[in-house]
Amino acid sequence: MSELQHQSWSRLNDLEYAPAPESASIARLRDSYGLFIDGKFSDPGSHSQFVTLNPATEKPLATVAAGSSADVSRAVISARRAYDQVWSNMPGKERAKYLFRIARLIQERARELAVVETLDNGKPIRESRDVDIPLAAAHFFYYAGWADKLDHAGFGPNPQPLGVAGQIIPWNFPLLMAAWKLAPALAAGNTCVLKPAETTPLSALILAEILQQADLPPGVVNIVTGDGATGAALVSHPGIDKIAFTGSTEVGRRIQRELAPSGTHLTLELGGKGANIVFEDAPIDQAIEGIIDGIFFNQGHVCCAGSRLLVQESVASDVQRRLIRRVEQLRVGDPMDKNTDVGAINSAEQLSRINELVDAGVAEGATRYSNSCDVPDAGYWFNPTVFTEVSQTHRIAREEIFGPVLSVLTFRTPEEAVAKANNTQYGLACGVWSEKGSRTLWVAERLRAGVIWSNTYNKFDPTSPFGGVRESGFGREGGRHGLEAYLNV
Amino acid sequence: MANVVTLPLCSQSSPSSTGADIVFGAPHQPSRIGSETELRVALGGLSGVDTVGANARVASLGTRSLKQGTKRALLDLAITMIDLTTLEGNDTPGKVRSLCAKALRPDPSDPTVPSVAAVCVYPDLVSLARTTLGDSSVAVASVATAFPSGRASMNVKLADVREAVAAGANEIDMVIDRGAFLSGRWGLVFDEIVAVKEACGSAHLKVILETGELVTLDNVRRASWLAMLAGADFIKTSTGKVPVAATPPVVLVMLEAVRDFAEDTGVLIGVKAAGGIRTAKDALKYLVIVNETAGSAWLTPDLYRFGASSLLNDLLMQRAKQKSGAYVRPDRFSGD
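If you read the sequences in order, they're chains A and B.
Note that our numbering gives residue 469 to position 389 of the first sequence, counting from 1, and the numbers run on in steps of one.
Note that our numbering gives residue 934 to position 250 of the second sequence, counting from 1, and the numbers run on in steps of one.
Below, the structure is given as structure tokens:
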């Protein structure tokens, strides 16, 4: 370990940036929220309520309704009515107007949404402000453009929507995942029942307000908050034509098993254990940034995170030294501070899962390095961590940690890199770092993953399809491919 | 050329080589390079620079939010890092005297404003500048070696340097032969820098890469290493005489080069961003890049400079605004 500690005469970050906190009052949160069904918020008092916390302080933000199976039923009935009477018959160019309006309203309320997202999720305000919210708006803009061009999307003439879509989204990118699900579904003419994650329901409820502002016809989108039981009620509801789920492989497997006999359409976007492959001819300084971005973006709560670094042995010690120097520079702390690079872990449950796997990594003999930034006493925190001397058999090289923990492995030849990268149950994303185009292509066509980035990582765009193979799920979100998940083709 | 030694390069360094003896401020001697082939192997072996990635990195550093105390401290620091420059054909003794006065006391009404690092003039005005500045801490820098094009014979270039040094220049800003660099005659550029370094004597040598003419970031990285290996005390982006001057990605790559060079050799080389930096906001962004790339050791006029003229007044204006809370009229500060 001491060998890996970066001993530089130049101390990075001596320059103190004064705190630059964003104001929490911009969020304008209510004390309690009901469910958004049939275009209206129900009375919070009519539901049992649960508390949603700010993971950076452990203080409550608001109470939110726990949707029962009766609530789910009401939402599905409302969605069905809206589908039959309004949305499926509406010309695409009219649907597009609503989507454009939603996109513009997201932009108008971007600052508020960014603050809500950061309060509820724990991600740094810099990321919610620069990534989550702008991308969410971009998805609505993009699919608004498709709504009147479905005939030309390559699925034959006059493709038809599926009906009522049940959409269950995770807590890592709450609003963005809602946008990924809602925008293509609505553009294709479906109506939706959206179930936000238990720990991060607030931005979806602000989105509900935006849908009201946009005058979206009642029932076209219903938002039912709750925990796993609410999600299960949605999956098993007979009135649902399509389930789109993003979350853990374990839950995805249960959903697929349950829906197998029913004929309900299904797309799953599940876990991953992405490999970031760095060859000796890579642009090393940018590769370091890409590795950092790949694993520490959003505290590593990213299904396509580059959580395994495969680095060519000839440059391994140099890359590790630079990487650790850079990890030490990361500023961990108050997510509302505009200078924070890594925020809070989303929940106590997730934190204990990360701790468990990190302990396993140490016990199995990997060498641990962690960033030494002081973190606040309250809240859920985990300092960015790098494991070296990791072997393929270690749990930290096989299981998805879903936290700011990187496992470094080495390889000697391109064949070995491909073999190691593919030696996983998952297949969501990989990165290839090399200045040699022919090598990048050779490797890319042998990697089994839905997304492969070349000389970059974690780049998203509404025009680009995203999704996995093997236990990372099936179906694509984004781009023209994303429409296919919501059309009867 | 002298005997063969192994070149210290970033891609070959091991962790144990960090923390080498620090040679801070000591005269930096050229590495001894055997042949053109060795130079080619050394510079060709540097890892490439991905332009998209470098641009993304500086963009992300540009979102750092600087508040109150930090901002105030950095504004003062930026003032002390300025090489206050006039390099016009129509420079007059009067203009240089005025520039020197401004360098010593940038804001005569506020004695707390620090002096700048240096004034930068053509060789024929060096002696006047040195006399005007007296024995103050403000250095006199002079562009030499047939600035800005570098198109003259070696003897002329060396005479240019020697005259400037004899006239009292503390720092020499030389230009490299971009024609030779771009056509792959790296040994020629290397030898030229070595010779100029020798002619400098005790004066510090800043090597201008003219990155606007080198165009690619790969070239910037190679030229940075070439200059450092040949004995530069500072590497400098631009003459200010071509359309593209200092840009954040170029400065980022140069800072990475000095950082890696320091880790391998223990020698700290300075970086000077020259041309095109006009606002305090830009200057602060550069300082953030310095801090997070090379490290805070470089946050000193000994190792980081801005070559600029109009930047100073904007720094003074922002400084006054930090103090009083209100902007003053630009005319409150002298023009030259």
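C-beta atoms are modelled at their ideal positions from N, C-alpha and C, and glycine is treated no differently.
None of these values were measured; they are calculated from a predicted model.
Problem set entry | A:GLU369: contacting residues in chain B (beta-carbon distance under 8 Å) | Taking the first residue of the first sequence as position 1, residue 369 of chain A is located at position 289. Neighbours of A:GLU369 on chain B, chain order: GLY737, ALA740 and ARG741.
Exercise. Does B:THR931 have its Cβ less than 8 Å from a Cβ in chain A?
Worked result: Along the second sequence, read from residue 1 onward, the residue named residue 931 of chain B stands at position 247. So, not an interface residue.
Exercise. What is the residue span of the alpha helix (DSSP H) that A:GLN189 lies within?
Worked result: Reading the first sequence from its first residue, position 109 is the one you call residue 189 of chain A. Residue identity check: residue 189 of chain A is Arg in the sequence provided, not Gln. First-last for A:ARG189: undefined, no H or E at that position.
Exercise. Shortest alpha-carbon distance to A:ILE532 belongs to which of A:ARG519, A:GLU525, A:ASP541 and A:CYS510?
Worked result: By one-based count along the first sequence, residue 532 of chain A stands at place 452. If we check each option's Cα against that of A:ILE532, A:CYS510 comes out closest.
Exercise. Is B:SER826 helix, strand or coil when you go by DSSP?
Worked result: On the second sequence, residue 826 of chain B is found 142 positions in, with the first residue counted as 1. B:SER826: strand per DSSP, three-state reduction.
For this session: Name, in chain order, the residues that DSSP records as bridge partners for A:ASN568.
Result: Locating residue 568 of chain A in the first sequence gives position 488, counting from the first residue. BP columns for A:ASN568 point to A:GLN240.
Problem set entry | Coil, strand or helix - B:ARG1016 by DSSP | Within the second sequence, numbered from 1, the residue matching residue 1016 of chain B stands at position 332. Correct three-state label for B:ARG1016: helix.
Exercise. Going along the region 747-761 of chain B in order, which residues come within less than 9 Å of chain A, judged by CB to CB distance?
Worked result: THR747, ARG748, SER749, LEU750, LYS751, GLN752, GLY753, THR754, LYS755, ALA757 and LEU758
Exercise. When DSSP builds the beta bridges, which residues end up paired with B:THR900?
Worked result: Walking along the second sequence from the start, residue 900 of chain B turns up at place 216. According to DSSP, B:THR900 bridges with nothing at all.
Exercise. Which residues of chain A have a Cβ atom closer than 8 Å to the Cβ of B:VAL733, listed in chain order?
Worked result: If you number the second sequence from 1, residue 733 of chain B lands on position 49. Simply PRO363, ASP365 and GLN366.
For this session: Give the range of the alpha helix (DSSP H) segment to which B:VAL1049 is assigned.
Result: Because chain B is modelled from 685 through 1020, residue 1049 of chain B falls outside the range shown and cannot be assessed.
Exercise. Name the chain A residues whose beta carbon is nearer than 7 Å to that of B:SER908?
Worked result: For the purposes of this step, residue 908 of chain B is identified with residue 224 of the second sequence, where counting begins at 1. Within chain A, no residue comes near B:SER908; the closest Cβ sits about 13 Å away, beyond 7 Å.
For this session: Could you tell me the distance, in whole angstroms, from the CA atom of A:ALA155 to the CA atom of A:GLU207?
Result: Translated into the one-based positions of the first sequence, residue 155 of chain A becomes position 75. Translated into the one-based positions of the first sequence, residue 207 of chain A becomes position 127. Whole-angstrom Cα-Cα distance: 32 Å.
Exercise. Just how far apart, CA to CA, sit A:LEU199 and B:SER749?
Worked result: As a first step, residue 199 of chain A is located in the first sequence; it is residue number 119 there, counting from the start. As a first step, residue 749 of chain B is located in the second sequence; it is residue number 65 there, counting from the start. The straight-line gap from Cα to Cα measures roughly 19 Å.
Exercise. Cβ of A:TYR97 less than 8 Å from any chain B Cβ?
Worked result: Within the first sequence, residue 97 of chain A is the residue found at index 17, counting from 1. With 8 Å as the cut-off, A:TYR97 counts as an interface residue toward chain B.
Problem set entry | Stretch-stretch touch, CB-based, cutoff 8 Å, three pairs: the region 340-349 of chain A with the region 318-329 of chain A | yes
For this session: Taking A:SER158 as part of the alpha helix (DSSP H), name the residues at either end of that continuous run.
Result: Reading the first sequence from its first residue, position 78 is the one you call residue 158 of chain A. Residues 149-162.
Problem set entry | Start-to-end residues for the beta strand (DSSP E) that takes in A:GLY511 | Position 431 of the first sequence, counted from the first residue, corresponds to residue 511 of chain A. Note, A:GLY511: beta strand (DSSP E), 509-513.
For this session: Closer than 7 Å by C-beta to A:ALA216: which residues in its own chain qualify, once you throw out the five before and the five after it? Chain order, please.
Result: Taking the first sequence and counting its residues from 1, one reaches residue 216 of chain A at position 136. The answer, listed in chain order, is ILE186, LEU255, LEU256 and ALA259.
For this session: Check whether the Cβ atoms of A:ALA224 and A:LEU563 lie closer than 8 Å to each other.
Result: For the purposes of this step, residue 224 of chain A is taken as the residue at position 144 of the first sequence. For the purposes of this step, residue 563 of chain A is taken as the residue at position 483 of the first sequence. No, the Cβ-Cβ distance between A:ALA224 and A:LEU563 is not below 8 Å.
Problem set entry | Distance CB(A:LEU314)-CB(A:GLY246) smaller than 8 Å | Working through the first sequence from its first residue, we reach residue 314 of chain A at position 234. Working through the first sequence from its first residue, we reach residue 246 of chain A at position 166. Their beta carbons are under 8 Å apart, which means A:LEU314 touches A:GLY246 by this criterion.
Problem set entry | Inter-residue spacing [alpha-carbon to alpha-carbon] between B:GLU720 and B:LEU939 | To locate residue 720 of chain B, count along the second sequence from 1; it is residue 36. To locate residue 939 of chain B, count along the second sequence from 1; it is residue 255. Going by the C-alpha atoms only, they are around 25 Å apart.
Exercise. Exposed or buried, which one is A:LYS353 when buried takes at least 16 other CB atoms within 10 Å?
Worked result: Sequence index remark: in the first sequence, residue 353 of chain A carries index 273 (1-based). Classification of A:LYS353: buried, given that the 10 Å Cβ count is 16 or more.
Exercise. What residue does the beta strand (DSSP E) around B:GLY954 start on, and which one ends it?
Worked result: Counted from its first residue, the second sequence places residue 954 of chain B at position 270. Run containing B:GLY954: 954-958, per the beta strand (DSSP E) assignment.
Problem set entry | Among A:ALA146, A:THR536, A:PRO99 and A:VAL422, nearest to A:TYR113 - alpha-carbon criterion | The residue labelled residue 113 of chain A in the question sits at position 33 within the first sequence. Selected option, being the one with the closest Cα: A:ALA146.
Exercise. Does A:GLN392 get closer than 8 Å to chain B when you measure Cβ to Cβ?
Worked result: Position 312 of the first sequence, counted from the first residue, corresponds to residue 392 of chain A. For A:GLN392, the answer is no, since every Cβ of chain B falls outside 8 Å of its Cβ.
Exercise. Can you tell me where the beta strand (DSSP E) with A:ILE335 in it begins and where it stops?
Worked result: What you label residue 335 of chain A is simply residue 255 of the first sequence in a count that begins at 1. A:ILE335 -> not in any beta strand (DSSP E); alpha helix (DSSP H) instead, spanning 329-339.
Problem set entry | Runs of beta strand (DSSP E) lying entirely within the region 802-870 of chain B, each at least 3 residues, in chain order | 802-805, 823-827 and 855-859
Exercise. Under 8 Å, do A:PRO135 and A:GLY558 count as touching if we go by C-beta distance?
Worked result: Here residue 135 of chain A refers to the residue found at position 55 of the first sequence. Here residue 558 of chain A refers to the residue found at position 478 of the first sequence. No; because the gap between Cβ atoms is not below 8 Å, this pair is not in contact.
Exercise. A:TRP40: which of A:VAL523, A:GLY306, A:GLN293 and A:PRO214 sits nearest, CA to CA?
Worked result: Coverage of chain A is limited to positions 81 through 569, which leaves residue 40 of chain A absent and any answer about it impossible.
For this session: Would you kindly work out how many angstroms separate the C-alpha atoms of B:ALA907 and B:VAL859, rounded to a whole number?
Result: Numbered from 1 along the second sequence, position 223 holds the residue referred to as residue 907 of chain B. Numbered from 1 along the second sequence, position 175 holds the residue referred to as residue 859 of chain B. Rounded to the nearest angstrom, the two C-alpha atoms are 12 Å apart.
For this session: For the beta strand (DSSP E) containing A:TRP533, list its first residue and its last residue.
Result: The count along the first sequence starts at 1 and reaches residue 533 of chain A at position 453. Start and end: 531-534.
Problem set entry | chain A contacts made by the region 975-1000 of chain B, where a contact means CB separation under 8 Å | ASN975, GLU976, ALA978, GLY979, SER980, ALA981, TRP982 and LEU983
Exercise. Are the CB atoms of A:ALA162 and A:VAL304 nearer to each other than 8 Å?
Worked result: By one-based count along the first sequence, residue 162 of chain A stands at place 82. By one-based count along the first sequence, residue 304 of chain A stands at place 224. The answer is no: Cβ separation not under 8 Å.
Exercise. Do the region 284-302 of chain A and the region 164-180 of chain A touch if we need at least three Cβ pairs shorter than 8 Å?
Worked result: yes
For this session: For A:CYS378, decide whether its Cβ has a neighbour in chain B, counting only Cβ atoms nearer than 8 Å.
Result: In the first sequence, the residue the question calls residue 378 of chain A occupies position 298. The sequence given here places Asn at residue 378 of chain A; Cys does not occur at that position. Chain B contact via Cβ: absent.
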